Every structure is written in structure tokens, then in C-alpha cells.
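The numbering of the sequence shown is our numbering, which starts it at 263 and goes up by one.
Here the structure comes first, spelled out in C-alpha cells, and everything after it is commentary.
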Amino acid sequence: MAKPSTTFTCTACGASHARWSGRCDACGAWNSIAEESPLSAGPAGRSLGARRGAALALSDLATEEAPPPRTCSGMAELDRVLGGGLVPSSAVLVGGDPGIGKSTLLLQAAARFACAGLSTLYVSGEEASAQVRMRAQRLGLESAPVRLAAATSLRDILTTLDTERPDLVIIDSIQTMWSDTIESAPGSVAQVRAAAHELTSFAKRRGASVILVGHVTKDGQIAGPRVVEHMVD
């Protein structure tokens with residue numbers, strides 16, 4: 263079977279190119295095109311359309327079911343940005359410059375949501391668990407019922423999530439996650455896109471809420487493919 267050809271993807275807009283160039287034709291960004299190895303087509307090279315899937319359970323648009331409950335953090339500005347609170351099965355992307363306080367804000371939010379009754383898991387890919395605990399102590403949050411994990415392997419994280427079934431998962435940050443099924447470094451276009459896809463799929467499948475931390479570029483855009491911004495709510 264022929265080896266799949268390598269493609270080149272713009273990290274600013276996600277556009278694909280047949281060859282590398284210094285400037286993206288789609289968005290005009292300079293030095294934003296990175297090499298990306300495509301995933302294999304699967305056994306016998308069959309496409310997705312050639313395999314029969316399961317029929318979906320359909321529901322009517324008009325329903326008497328109550329809307330999903332929102333859980334408030336008690337942090338007025340955060341609850342306002344979340345539309346009044348956190349909704350089950352939602353995926354939220356929090357972006358900001360390095361050092362601006364994303365991790366501190368979300369650790370405070372994790373403690374608030376955990377105290378409100380949500381089973382909360384904070385996954386740090388940039389700091390050890392001991393460092394997160396030290397920050398919690400400085401903030402007076404050491405007694406909050408938040409579970410911690412320091413990991414970057416997407417496979418291990420998803421296995422843990424399926425086992426523990428948390429109500430809220432905070433991933434800090436999406437750029438540090440990596441999948442062993444993709445032949446590229448953590449933080450690359452393919453890795454960030456795959457991690458975001460798998461984690462948002464988990465949120466929809468299990469009814470959990472997932473908050474992804476994302477760094478921004480010097481232009482104020484989320485680092486990585488723009489498609490990540492469209493995956494979340």
C-alpha cells in the first residue's frame with residue numbers, strides 16, 4: 263500500500279497546502295505552515311463511507327423536557343461568560359497570554375465547582391501535581407475536593423476519564439497533550455486538533471463538562487489550528 267503523502271497545514275487558519283511555502287495563501291500569515299503526517303485510512307484502506315455504522319436515536323425538536331441545569335461557580339464574571347453557569351456536555355476554550363492567570367483562575371473555578379457538588383478533575387500538562395497543590399495553598403483552596411493529575415498522554419487521560427467519570431474536566435493546556443497515533447510533536451497542528459476532538463467527544467458522550475486551556479499567539483489568536491475554536495461551545 264502506498265505511503266500517505268505528507269500535507270502542510272497553516273497553524274493560523276488550518277488551511278491545507280500541497281507543499282510548504284513561507285506565506286499562507288488562505289489567510290496571508292507568514293511562517294505559519296507546518297508539516298503534518300495524515301492518519302492512515304484503517305484496515306485494508308477502507309474509507310469511512312464503506313463501513314456501516316449504527317443508526318442514531320432521533321428526537322423531536324418540540325419537547326417538554328426541562329433544559330439542562332447550569333452549575334454556577336459563584337464567580338460573577340466567569341458565570342456571565344459561561345451564559346449563567348456550566349452546562350453538562352459542554353466544551354469551553356479559555357485562551358490568554360502565558361502568565362496572565364489562566365491556571366490560577368481555573369484552579370479557583372475548579373474549587374468552586376467542586377464545592378458546588380461537581381466531581382472535578384484538574385489535569386496539568388505543564389506543572390507537577392505538587393506545584394498545583396502549592397498554588398492551591400497560596401489561594402487558600404487546599405481543602406477543596408478537586409482531584410489532580412499531571413499527564414500529557416491523551417490515551418492515558420481518556421482511559422482515566424472513562425474510569426473515573428468526572429462531571430468536570432480541566433485540561434491545562436491543550437498544547438501539551440499528545441497522541442501516540444500521530445507522528446508529530448506535542449503542540450503541532452495535528453496533535454492539538456486530535457486532542458481537542460477527542461476531549462470534546464468525551465464531553466458529548468459522557469455528559470461531562472470540559473474546559474480546555476489554550477495559549478495565544480502574539481497576534482492574540484489561539485495557538486494551533488483555528489478549527490479548535492469551532493469544536494468547542
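Ideal placement from N, C-alpha and C gives every residue a C-beta, glycine not left out.
Model, not experiment: these values are computed from the prediction.
1. If you compare alpha carbons, which of S471, E298 and T325 is closest to R332?
2. Here's the rule: buried if 16 or more other CB atoms are within 10 angstroms of the residue's CB, otherwise exposed. What is S405?
3. Taking the alpha-carbon positions, what's the G276 to A392 distance?
4. Could you pull out every residue in the same chain whose Cβ sits closer than 7 Å to the Cβ of A306, ignoring the five residues on either side in sequence?
5. May I have a chain-ordered list of the alpha helix (DSSP H) segments no shorter than 4 residues that lie completely inside the stretch 340 to 402?
6. Can you tell me whether M439 is buried or exposed? The criterion is at least 16 other CB atoms within 10 Å of its CB, across all chains shown.
7. Report the partner residues of A411 according to the DSSP bridge assignment.
8. Helix, strand or coil for G307, going by three-state DSSP, please let me know.
9. Whole angstroms is fine: what's the gap from C272's alpha carbon to L420's?
10. Look at I473 and L368 and say whether their C-beta atoms are less than 8 Å apart.
11. Does the distance from the C-beta atom of S441 to that of R467 stay below 8 Å?
12. Can you tell me whether DSSP reads A406 as helix, strand or coil?
13. Using 10 angstroms around the beta-carbon of I433, count the other beta-carbons present and answer buried if the total reaches 16, otherwise exposed.
Concretely, from the data shown:
1. Looking at the Cα atoms, S471 is the closest of the given residues.
2. Label assigned to S405: exposed.
3. Computed Cα separation, rounded: 36 Å.
4. Residue placement at A306 is flagged as unreliable, the pLDDT there being 43, under the threshold of 50; a coordinate-derived value is accordingly withheld.
5. The stretch 340 to 402 contains, as complete alpha helix (DSSP H) runs of 4+ residues, the segments 364 to 377 and 391 to 400 (chain order).
6. The residue is buried, with at least 16 neighbouring Cβ atoms inside 10 Å.
7. Its beta-bridge partners are V385.
8. Reliability of the predicted coordinates at G307 is poor, the pLDDT of 45 falling under 50, and no value is obtained from them.
9. About 27 Å.
10. In this structure, L368 lies closer than 8 Å to I473 by Cβ.
11. Between S441 and R467, the gap from beta carbon to beta carbon reaches 8 Å or more.
12. Taken through DSSP and simplified to helix, strand or coil, A406 comes out as coil.
13. By the C-beta density criterion, I433 is buried, having at least 16 other C-beta atoms within 10 angstroms.
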